[in-house]
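Sequential numbering of the sequence shown, starting at 484, is according to my numbering.
We put the beta carbon where it would ideally sit given N, CA and C, even for glycine.
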Amino acid sequence: MISSVFSDSASDEPGPSPPSPERLILSLAALMLSGVGILLLSLIVAQTGAVQSPDAPGLRSSTAAEANENALSEGRAPALETLPSHPSNALGPYLNLSALPSAARHPLLLREFHDLVDQHVHQQVQDDNFTIRVIDRRTDTVLELFELTDLRAKYRRNGFIDWREVDEHRRDATDRLVKTYTQRGVPLDDIIVRWGRANQVEAAHRRDRAYQAYERRLARSLGLDLLATEIGTVETFNQDHLVSPVGARSRYQMMPWILRRSGVNEYTLPTEGGAQVYIQESLHPLLVLEPAFLLLRGYVNAVGHEIPGLSAYHTGPGNIFKLYRQYITESNHLTASSTVADAYAWGVTEGFDVVSEGSTFGGNSRGYVPALYGSLAARDDQPPAPSALRVVRLQVEPDTSVTLRTILGALKTADRSLDWGPRANGPLYDRFRTLNSHFDLPPASGDQMPADGNVRLVSSIDGKAVRFFLPLEAPAALRSAGLHVLNSTNTFRYDTSTYAPPSPSQITHWDRQYRALVDDIEDFGFTRRNRNRLLRLHDRFEALAVQSPTRFRRRQLRIISTHRRLWLSSPWEELADATEAAAEQMPVRAQPPDSLPVDPPDLQDLRMPVPPR
């Protein structure tokens, strides 16, 4: 459609083995009975074969099947496309482009979905930023591959170009191309125009190289596949400073209220020179990575599958709930074996006109997941990038303050043993400034720290934690120099062990119950009885987080809290009405009654070994 011309072409400007038929028949009983069923001792992800943790919702544990990913730290990493967490392995058949149409319940939808994904592979991998691909939606035929050859030559001569200038030329060319093909009889609504983005995708991956390993490990720990690691590429080309027209910030484009709720703050710190230094934590990738991925995991759980969950991150969960409702009420594909992934595939192919009418689910939303896949495909044949950034996130002790000059002075004697990452040379002040991109510090004057750069660090400002980064070896160097100002409790290391999957001792009966619920949701488990299960589980997770406030328990509470919030919304209520009405029209088989107790558990049930941080 012509609306896809701009919505499918991000710029440097701010912006935005199939399950058996019995499976849904059993789960449809949950639509009326909401049985939790037998606790799962193992879980094979639907339509895939990717191994996940049997105990916690979406959390992958270390297994032999994922030894390839662990091999990275040993210097023998395979290509991304061979990893179990690659979407072609984890999210088939929809994101396994070699899958036959017969692998899906609705072969035509699978073929159309693969065509859509393939268009974005061309856009993100093969077509550079000087290319326009014109496609006839009716047949998926390429009508023309238009190229801006003069601008491409200019880029190759100079080594740089303003992509906004290129996009202006492509807008003009697009208008001419659309006019040409409508005059030739192609209906306007059947003209798709894709702008190539291979140059910007390549640049985005270079920007992200220092953080790719942490994105990959956190995704794996949360049971997400590698598509999650391309969110920054598709949203902003991994440019941290971009702000969308609606105010979304960071490379992962999160709204300010979500950032604040996640502990990503803005504040000012005084300097010895009397000035104020503005701190904007959304500008630092390592401060927004975990909040973004935890939010995504909550969305995935709430909508029942990772593919529409990724879309929900961009378009909003309300749009996905509406898409499901329209699939139930307006498509002719709903059967006892349908899953939410089938509904999503319908919504971005055959049902797109229905879904987009009167909603904000437009061309950008339609192409979001295919664009993630396309961006990932741009590095499929490469091994995962090892982390080039080994740092430690720090806070000073409560009721303590220390100047930046004091800290850097204490580190000066150990300077040669410290790895400052991207800024390995130059004055220590400039190295700190590079490592802490969320600090709006003035540049150095020669080798000297400017007076307005000598910021005074404290533990918190108005209840907001003051967090900064130093090389991994810096805390030991500061202690050796006699400077004991760092709070060890709030120290977090970024190294090869960061974001390890949860250990079995961390996972409780309640995590297994939540896993069972999330598994039911994939099969249209949007019922009020399932919501009651969710609410009771949320209460348990709150109690567990109080009893044992480990990082894992806090993450689990955050995920289920996002899930709970979405299931208390009016779009979910409308979906539940449609789901329960559809369930009355379908035969179901009885399941065991809900095994989740109504009464709160005894505190003894909450006690468990406290795992190491």
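For residue i, report the span of its alpha helix (DSSP H) as first-last.
i, result
"Leu901", "Note, Leu901: premise wrong, no alpha helix (DSSP H); not H, not E."
"Tyr577", "Element bounds for Tyr577: n/a, residue is neither H nor E."
"Gln1039", "Arg1034 to Trp1050"
"Thr751", "Per DSSP, Thr751 belongs to no alpha helix (DSSP H); it is in the beta strand (DSSP E), Glu749 to Pro753."
"Glu713", "Careful: Glu713 lies outside any alpha helix (DSSP H) and carries neither H nor E."
"Arg594", "Pro590 to Val604"
"Val852", "Gly846 to Ala860"
In this structure, does DSSP put residue i in helix, strand or coil?
i, result
"Glu1025", "helix"
"Thr885", "The sequence shown places Val at residue 885, rather than the Thr named in the question. In this structure, Val885 counts as strand in the three-state DSSP scheme."
"Ile803", "helix"
"Glu1063", "helix"
"Ile644", "coil"
"Thr1010", "coil"
"Tyr694", "coil"
"Leu524", "Unreliable positioning characterises Leu524 in this predicted model, as indicated by a pLDDT of 28, which lies under 50. The coordinate reading is nonetheless provided below. Coil."
"Tyr761", "strand"
"Phe922", "strand"
"Arg732", "strand"
"Leu769", "helix"
"Val938", "strand"
"Pro954", "strand"
"Leu894", "helix"
"Leu966", "coil"
"Val726", "coil"
"Val831", "coil"
"Pro1080", "Residue confidence for Pro1080 is low, a pLDDT of 46 falling below 50, so the modelled location carries little weight; the figure read from the coordinates is stated next. Correct three-state label for Pro1080: coil."
"Tyr912", "helix"
"His797", "helix"
"Phe720", "coil"
"Ala529", "With a pLDDT of 35 at Ala529, under the threshold of 50, the modelled position of this residue cannot be trusted; read the value that follows with caution. It is coil, neither helix nor strand."
"His816", "coil"
"Ser556", "Its pLDDT being 43, under 50, Ser556 is placed unreliably by the model, and nothing is read from it."
"Asp708", "coil"
"Ala775", "helix"
"Gln996", "helix"
Could you name the residues of the same chain whose beta carbon sits closer than 6 Å to that of residue i, not counting the 5 residues immediately before and after it, in chain order?
i, result
"Ile644", "Tyr638"
"Asp611", "Gly679, Ala681 and Asn682"
"Ile1004", "Gly787"
"Glu627", "Val617"
"Pro925", "Pro933, Asp935 and Gly936"
"Arg690", "Asn721"
"Gly781", "Ile1042, Thr1045 and His1046"
"Glu549", "Bear in mind that a pLDDT of 47 at Glu549, under 50, signals an unreliable position, so the number given afterwards is only what the model happens to contain. If we look at Glu549 and ignore the five residues flanking it on each side, its Cβ neighbours are Pro567."
"Ser556", "Confidence at Ser556 is low in this model, with a pLDDT of 43, below 50, so its placement is unreliable and the value that follows should be read with caution. Correct list, in chain order: Thr979."
"Leu766", "Asp723, Ser920 and His921"
"Ser745", "Pro774"
"Gly756", "Ala934 and Asp935"
"Leu707", "none"
With residue i and residue j assumed to form a contact (beta carbons below 8 Å), what rounded beta-carbon distance in angstroms separates them?
i, j, result
"Ala562", "Pro866", "6 Å"
"Leu894", "Ala960", "6 Å"
"Leu701", "Tyr912", "Contact doesn't hold; Cβ gap of about 31 Å is too wide."
"Ser1107", "His797", "As shown, the chain starts at 484 and ends at 1096. That puts residue 1107 outside it, with no answer to give."
"Pro768", "Arg743", "No, Pro768 and Arg743 are not in contact; Cβ-Cβ is about 18 Å, not under 8 Å."
"Val949", "Phe596", "That pair is no contact at about 47 Å."
"Phe1007", "Val823", "7 Å"
"Ile944", "Leu770", "About 15 Å; that fails the 8 Å criterion."
"Gln602", "Arg677", "6 Å"
What residues match up with residue i in a beta bridge as DSSP calls it?
i, result
"Glu627", "Val617"
"Ser943", "Ala948"
"Pro567", "Pro567 pairs with nothing; no bridge assigned."
"Ser928", "Gln931"
"Trp678", "Ile615"
"Met737", "Arg732"
So, at 7 Å on beta carbons, what are the nonlocal neighbours of residue i in its own chain, with the 5 sequence-adjacent residues on each side left out?
i, result
"Val885", "Val879, Leu940 and Val968"
"Glu773", "Leu701"
"Leu808", "It should be noted that the sequence gives Arg, not Leu, for residue 808. Once the five neighbours on either side are set aside, the close Cβ partners of Arg808 are Glu1057, Leu1058 and Ala1061."
"Phe1024", "Trp993, Gln1039, Leu1040 and Ile1043"
"Phe835", "Arg849"
Residue i lies in the beta strand (DSSP E); which residues open and close that run?
i, result
"Phe424", "What is shown of the chain runs 484 to 1096, which leaves residue 424 out entirely."
"Leu877", "Val874 to Leu877"
"Arg667", "From DSSP, Arg667 is part of no beta strand (DSSP E); its letter is neither H nor E."
Enumerate in chain order the residues of its own chain whose CB-to-CB distance from residue i is below 8 Å, with the five nearest sequence positions on each side excluded.
i, result
"Leu1018", "Arg1047"
"Leu1020", "Trp993, Gln996, Tyr997, Leu1000, Ile1043 and Leu1079"
"Ser571", "Glu564, Leu578, Asn579, Leu580 and Ser581"
"His589", "His816, Asp825, Ala828 and Trp829"
Does any residue of chain D have a CB that is nearer than 8 Å to the CB of residue i?
i, result
"Phe643", "Reference to chain D is not applicable here, since this structure consists of a single protein chain."
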